[in-house]
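Here the numbering used here is used: position 125 in the sequence shown is 259, and no number is missing along the way. Positions of the beta carbon are idealized from the N, C-alpha and C atoms, including for glycine.
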Amino acid sequence: MREIRRSIAKFAHAFVKLLPPPQNAKRAAIARTKPIHAAISSPWRIYRIYARPGHLLIRNEQSQILDLGVVKGQIPNLTYRLFIRDLSGRGFANRTELLDDIARRIEAGEVGNELLALPEWNKTPGADLDRGTHVDVSMRVKR
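Have a look at this one:
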């Protein structure tokens, strides 16, 4: 009796595999193959720029810390140079003004997809990175 049940189950299973899937199952399978992620579908990219002693760092949406540029000078005469298009600025009274100038340039579109090609910061940034001077900037992705 047990063998008969097994044979019927195998036959039924093979027969069900031959049937076409219902329409809803096709849509569900297609939906599962497409990744749905808010960062991918959004036309905006959010970055956080940090001013550390001697360095400018940027955190991307994947939480990678990238090397953005260098900061030189002493308060009230700070200068910066970005590794992107060799952009620079000078004469800032504090780090906040310096970061605001960089954010303005990114939002104005002076920096494009070059942010994706920046080298990763090879040192440990430390647990207190967000406690230091930083600014958030949003950039519209050109499609």
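- Straight across, the Cα-Cα distance linking residue 274 with residue 178 is about 4 Å.
- The C-beta of residue 232 has 16 or more other C-beta atoms within 10 Å across all chains shown, which makes the residue buried.
- Taken through DSSP and simplified to helix, strand or coil, residue 150 comes out as helix.
- For residue 230, the three-state secondary structure derived from DSSP is helix.
- Between residue 184 and the set 139, 253 and 236, the nearest pair of CA atoms involves 236.
- At a Cβ-Cβ threshold of 7 Å, residue 190 and residue 202 count as neighbours.
- Between residue 194 and residue 209, the gap from beta carbon to beta carbon reaches 7 Å or more.
- In the structure shown, the three-state DSSP call for residue 265 is helix.
- Residue pairing from DSSP places residue 206 in a beta bridge opposite 213.
- Taking residue 245 as the centre and dropping the five residues before and after it, the same chain places the C-beta of 218 closer than 6 Å to its C-beta, in chain order.
- For residue 178, the enclosing beta strand (DSSP E) stretches over residues 178-186.
- A residue is called buried when at least 16 other Cβ atoms come within 10 angstroms of its Cβ; residue 216 meets this threshold and is buried.
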